[in-house]
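Student: Numbering (the UniProt record's numbering), first residue to last: 1 to 605.
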Amino acid sequence: MNGKGCQTISMKQRRLTPDRPRPPHRGYEGPRTQDFEWFLYRDDSLGRQMGVVSTRDKGFPYAPFQPRVKSGEVRVERDSGDKIRLVIQRLRSEDQGKYECYTPSTDSTYQGNYSAIVTVKVIPDTLQISYSRSLTSQPVPEGTELTLTCSAGIQSEQLTHVSIMFGKRGGGESTASGAAEEVSTVREIISIDKMLSVVPGRSYRKRYDGGEITLEKRNGEAGLGMYVMRMKVLQPDDAGSYFCEASQWIRDPDRSWQKIAQRTMEIGNLTVRQLAESLSVKSSPSGEVTLQVGSPLILTCEVQGLPSEVSSGLLVQWMRRGSVSSDGVEVEVAQLSPDGVVTWGDDLSRSMGGSMEKLSEGTYSLKLFSAQPLDSGVYRCVVSVYAGRRNPGSSTPATLTQRSEGVIVNLKSKGEGRQAQLPRGPLLKRGSTVTLICNATVTTTGPAQVQVQWLRWPMPVTKTRGGPAPGVSPESSEEAEPTVIATLMYDGVAKTYANSSGEVSVDRLTTAGYRLRVHTATMEDQGLYACHAEAWGQDPHGGWYNTGARAESNKVTVYLYARVADLLLIPLVVGVSSALFVGIVIIAAVTCCFMKRLARQRTRK
């Protein structure tokens with residue numbers, strides 16, 4: 001067995017005379033626990049033996065081994081009652097030679113050979129290790145590239161291999177409960193093993209497969225190999241104490257590999273400053289902005305706190321929620337990808353009426369050349385940072401995403417509504433046509449069309465001693481909800497509703513004059529009538545929107561009187577009834593007087 005360090009030599013008691021009957025399980029007589037003695041035959045001792053250590057005699061070691069046995073540097077470790085190991089912790093050159101393991105016989109008769117010999121060859125320890133730069137405790141920004149260099153080599157006539165391993169102690173580990181806590185543990189990052197293959201640590205396999213962790217060997221000085229480990233994107237979990245470990249390996253005749261030397265160099269502590277501690281996203285102007293329809297809308301997004309020494313890609317998005325209410329749906333207006341490509345979200349045609357660009361490092365703007373009412377809402381700038389990745393892939397997760405405070409954008413039309421008038425006409429009678437004229441003018445900053453809606457309220461009721469009676473004063477009772485009679489749309493389409501007993505028609509007489517006609521009006525068509533006018537504008541994309549400019553007319557009472565035929569019938573009925581009543585009275589009076597006179601005449605007789 002060759003090597004230096006913790007060397008073990010094992011010997012299990014065995015016989016070389018298999019023809020002798022053996023007790024079951026042990027193959028020897030006596031107690032299960034057997035004693036052993038180790039001897040050394042040095043190459044320069046001319047066959048003289050030296051006692052090394054014994055399991056039964058503390059005075060067995062020779063003088064060169066007595067202090068080493070007493071300190072435990074040389075000792076015997078028992079695996080079982082009949083199996084032990086000789087352990088020499090720090091192998092010396094004078095320890096080279098042949099070692100004999102002897103076990104005193106406990107059999108009643110001699111059965112054969114009770115010893116075995118193994119040759120130990122000690123080679124010089126030439127393993128060297130060094131590093132070029134140590135780490136300090138100064139915080140390093142998240143996303144920074146870390147490069148560590150470790151040099152190692154051997155000078156030996158024996159065929160040996162060198163393995164190198166970069167590792168880390170400490171750092172945040174996830175517990176079963178999901179909480180992160182500081183755990184003192186050793187994690188292997190990446191290594192070149194004894195077979196000269198690159199092997200990533202179990203916790204770093206995914207990052208190694210993604211090309212974020214590499215290890216390569218270069219030719220160094222003085223015949224040493226220089227090993228360079230590179231971590232392209234530091235993460236918060238990479239904090240800890242780093243070290244480099246070199247090992248020397250030799251292949252035994254049984255073709256198994258044995259580690260014969262090892263050196264460890266502490267590189268230093270690494271502290272990672274998380275991006276969330278410094279990153280901030282602000283949008284301007286802040287608060288609330290009110291603009292006229294058609295005015296340009298300019299919003300600015302400013303990203304602060306990005307470490308200058310880290311090359312990071314940014315995905316900048318402008319999101320809009322259609323209302324201040326939190327339950328509104330948020331849509332993407334536009335985004336600027338890390339490679340500088342602008343795409344538009346909810347309105348692809350907006351790309352012809354707006355722009356998004358990078359003004360300076362960390363400053364981005366969104367411009368809508370002609371803002372329309374649909375552009376109203378709450379705007380937020382959303383920034384996704386890919387720390388250490390200038391051009392991340394489509395599947396690469398962002399290191400951190402932050403949102404700015406919302407900017408409320410209100411868009412209003414500058415318009416003026418003039419009161420619409422309904423002229424009072426002659427008295428109306430049942431069955432005739434009710435005609436109402438609405439003169440309405442609405443002015444806006446841009447081209448617009450007027451939409452007129454006709455409404456009717458029920459006839460007010462006036463209270464009298466005998467109960468409610470119809471009246472003509474709108475203030476005599478509380479107003480009820482109006483009924484929509486007809487609408488003349490901004491595009492010229494007329495809409496009538498089944499809220500009238502007669503036929504209804506609406507049309508436009510002049511630029512500002514609109515007419516409502518109720519044909520063959522009945523008593524159900526009585527009530528208070530008014531017209532409401534509002535201006536509708538057209539955006540550059542051909543869509544129509546309500547500008548908010550309105551005008552409302554005064555209320556006009558429509559009361560239907562009886563028809564002419566009904567007016568002629570009333571005096572006729574009243575006259576006939578009166579004549580009949582007078583006749584009855586006269587006849588009754590005459591009859592009454594005649595009967596009294598007849599009665600007196602009969603009395604005289």
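Even glycine gets a Cβ: it sits at the ideal position worked out from N, Cα and C.
If you draw a straight line from the alpha carbon of residue 116 to that of residue 249, how long is it in whole angstroms?
Tutor: Their Cα atoms are separated by approximately 26 Å.
Student: In whole angstroms, what is the alpha-carbon distance linking residue 139 and residue 242?
Tutor: Answer to the nearest angstrom: the Cα atoms are 14 Å apart.
Student: Just grab the DSSP bridge partners of residue 142 for me.
Tutor: Partner(s): none; residue 142 has no beta bridge.
Student: Alpha carbons only, please: which of 289, 219 and 305 is nearest the one belonging to residue 377?
Tutor: Among 289, 219 and 305, the Cα nearest to that of residue 377 belongs to 289.
Student: So, is residue 254 buried or exposed, given that buried needs 16 or more other C-beta atoms within 10 angstroms?
Tutor: It counts as exposed.
Student: Need the endpoints of the beta strand (DSSP E) that residue 292 sits in, please.
Tutor: 288 to 292 is the extent of the beta strand (DSSP E) around residue 292.
Student: With 8 Å as the threshold, decide whether the Cβ of residue 90 is near any Cβ in chain B.
Tutor: Chain labels in this structure do not include chain B; a single protein chain is all it has.
Student: Are residue 384 and residue 281 close, meaning C-beta to C-beta below 8 Å?
Tutor: No, the pair does not count as a contact, with Cβ atoms beyond the cut-off.
Student: Answer yes or no: do residue 381 and residue 283 have a C-beta to C-beta separation smaller than 8 Å?
Tutor: Cβ atoms of residue 381 and residue 283: closer than 8 Å.
Student: Please tell me whether residue 41 and residue 98 are closer than 8 Å, where the distance is taken between their beta carbons.
Tutor: Yes, the Cβ-Cβ distance between residue 41 and residue 98 is below 8 Å.
Student: Residue 369 by DSSP, collapsed to three states: which one?
Tutor: Three-state result, residue 369: coil.
Student: Within a Cβ cutoff of 8 Å, which residues of the same chain sit near residue 396, ignoring the five residues on either side of it in sequence?
Tutor: So the list reads 386 and 389, once near-sequence residues are dropped.
Student: Taking DSSP as the reference, what is the three-state secondary structure of residue 127?
Tutor: Three-state DSSP puts residue 127 in coil, outside helix and strand.
Student: Note down, in chain order, each residue of its chain lying with its Cβ closer than 8 Å to the Cβ of residue 433, except the 5 sequence neighbours on either side.
Tutor: Excluding positions up to five away in sequence, the list reads 517, 518, 519, 520 and 521.
Student: Could you spell out the range, first to last residue, of the beta strand (DSSP E) harbouring residue 79?
Tutor: From DSSP, the beta strand (DSSP E) with residue 79 extends over 74 to 80.
Student: Leaving out five residues on either side along the sequence, give the residues of the same chain with a beta carbon under 6 Å from the beta carbon of residue 71.
Tutor: None.
Student: Hey, would you say residue 531 sits closer than 8 Å to residue 440, going by beta carbons?
Tutor: Taking 8 Å as the Cβ cut-off, residue 531 and residue 440 qualify as a contacting pair.
Student: When you compare only the Cα positions, how much space is there between residue 145 and residue 272?
Tutor: Each residue's Cα considered, the two are about 11 Å apart.
Student: Are there 16 or more other CB atoms within 10 angstroms of the CB of residue 486, so buried, or fewer, so exposed?
Tutor: So residue 486 ends up on the buried side.
Student: Give the secondary structure of residue 396 by DSSP, where H, G and I count as helix, E and B as strand, and everything else as coil.
Tutor: It is coil, neither helix nor strand.
Student: Here's the rule I'm using: 16 or more other beta-carbon atoms within 10 Å means buried, otherwise exposed. How should residue 472 be labelled?
Tutor: Bear in mind that a pLDDT of 44 at residue 472, under 50, signals an unreliable position, so the model cannot answer this.
Student: Are residue 50 and residue 31 closer than 8 Å when you measure CB to CB?
Tutor: It is not a contact, given that the beta carbons lie outside the stated cut-off.
Student: Would residue 447 and residue 526 qualify as a contact pair, given that the criterion is a beta-carbon distance under 8 Å?
Tutor: No, Cβ-Cβ distance for residue 447 and residue 526 is not below 8 Å.
Student: If you draw a straight line from the C-alpha of residue 47 to the C-alpha of residue 96, how long is it?
Tutor: Roughly 13 Å separates the two Cα atoms.
Student: Report buried or exposed for residue 59, applying the criterion of at least 16 other Cβ atoms within 10 angstroms of its Cβ.
Tutor: By the 10 Å Cβ count, residue 59 comes out exposed.
Student: Roughly how many whole angstroms lie between the Cα atoms of residue 304 and residue 279?
Tutor: Those two C-alpha atoms are separated by around 6 Å.
Student: Given that a residue counts as buried once 16 or more other Cβ atoms are within 10 Å of its Cβ, and exposed if not, what is residue 509?
Tutor: The residue is exposed, with fewer than 16 neighbouring Cβ atoms inside 10 Å.
Student: Measure the Cβ-Cβ separation of residue 276 and residue 148 and say whether it is below 8 Å.
Tutor: No, the pair does not count as a contact, with Cβ atoms beyond the cut-off.
Student: Among residues of its own chain, excluding the 5 on either side of residue 224, which ones have a beta-carbon nearer than 7 Å to its beta-carbon?
Tutor: Cβ within range, chain order: 128, 151, 152 and 153.
Student: Taking all protein chains shown into account, decide if residue 195 is buried (16 or more other Cβ within 10 angstroms of its Cβ) or exposed.
Tutor: Under this definition residue 195 is an exposed residue.
Student: Starting from residue 71, follow the alpha helix (DSSP H) in both directions and report where the run begins and ends.
Tutor: Run containing residue 71: 66 to 71, per the alpha helix (DSSP H) assignment.
Student: Would DSSP call residue 276 helix, strand or coil?
Tutor: Looking at residue 276 - three-state DSSP - the assignment turns out to be helix.
Student: Which two residues bound the contiguous beta strand (DSSP E) that contains residue 217?
Tutor: Note, residue 217: beta strand (DSSP E), 213 to 219.
Student: From this set, 123, 231 and 558, which residue's C-alpha is nearest residue 142's C-alpha?
Tutor: The shortest Cα separation from residue 142 among 123, 231 and 558 belongs to 231.
Student: Considering residue 209, what are the terminal residues of the alpha helix (DSSP H) in which it resides?
Tutor: From DSSP, the alpha helix (DSSP H) with residue 209 extends over 205 to 209.
Student: Comparing C-alpha positions only, which one of 53, 170, 264 and 551 sits nearest to residue 237?
Tutor: Measuring from the Cα of residue 237, the nearest candidate turns out to be 170.
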